[in-house]
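**Q**
Residue numbers (our numbering): 41 to 204.
Here it is in structure tokens:
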């Protein structure tokens with residue numbers, strides 16, 4: 041089973057946009073990342089996202105590349121300070137490839153919990169728009185890869201993004 045954890049893209053400041061929508065930069069970064077990881081043939085049953093606007097917008101953009109079989113699902117329990125254990129248990133019970141789009145510190149704590157059983161043991165840097173791939177096999181999680189928008193700078197002459 042594969043699990044993809046994604047932090048939402050860069051958002052507008054709250055004093056400018058109380059709903060904290062994705063900024064223009066955030067939208068471009070997530071779009072560039074979606075185009076780049078589209079070549080990885082990621083397949084998921086669903087993309088879960090929090091109720092916050094920036095997470096939903098990020099999920100909508102990434103879904104164009106990932107094409108979840110059962111669509112996008114707004115899910116409770118993915119807010120910045122929610123407890124990770126409930127979501128971790130639900131992921132195991134579902135036993136399907138999923139992508140979650142959420143916030144810090146939740147994503148970092150969930151990643152740590154999956155890898156070590158403790159939400160504060162591992163430090164994984166989820167910069168805005170970052171995606172980490174985990175695989176669950178024989179009762180344990182492994183971090184397979186982590187990408188972030190700054191890794192993909194510009195398209196080359198063939199239309200592929202070059203790496204930083």
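For every residue, glycine included, the Cβ atom is placed at its ideal position computed from N, Cα and C.
How many Å lie between residue 188 and residue 167 at the Cα?
**A** 7 angstroms
**Q** Using DSSP with H/G/I as helix, E/B as strand and the rest coil, what is residue 124?
**A** helix
**Q** From this set, 104, 133, 140, which residue's C-alpha is nearest residue 174's C-alpha?
**A** 140
**Q** Measuring alpha carbon to alpha carbon, tell me which of 86, 53, 47 ends up nearest residue 103.
**A** 86
**Q** Residues in its own chain within less than 8 angstroms of residue 100 by CB, not counting five upstream and five downstream?
**A** 112
**Q** State buried or exposed for residue 204, treating a residue as buried only when at least 16 other CB atoms are found within 10 Å of its CB.
**A** Here the model assigns residue 204 a pLDDT of 48, short of 50, so the residue's position is not dependable, and the following value carries that caveat. Classification of residue 204: exposed, given that the 10 Å Cβ count is below 16.
**Q** Whole angstroms is fine: what's the gap from residue 125's alpha carbon to residue 161's?
**A** 14 angstroms
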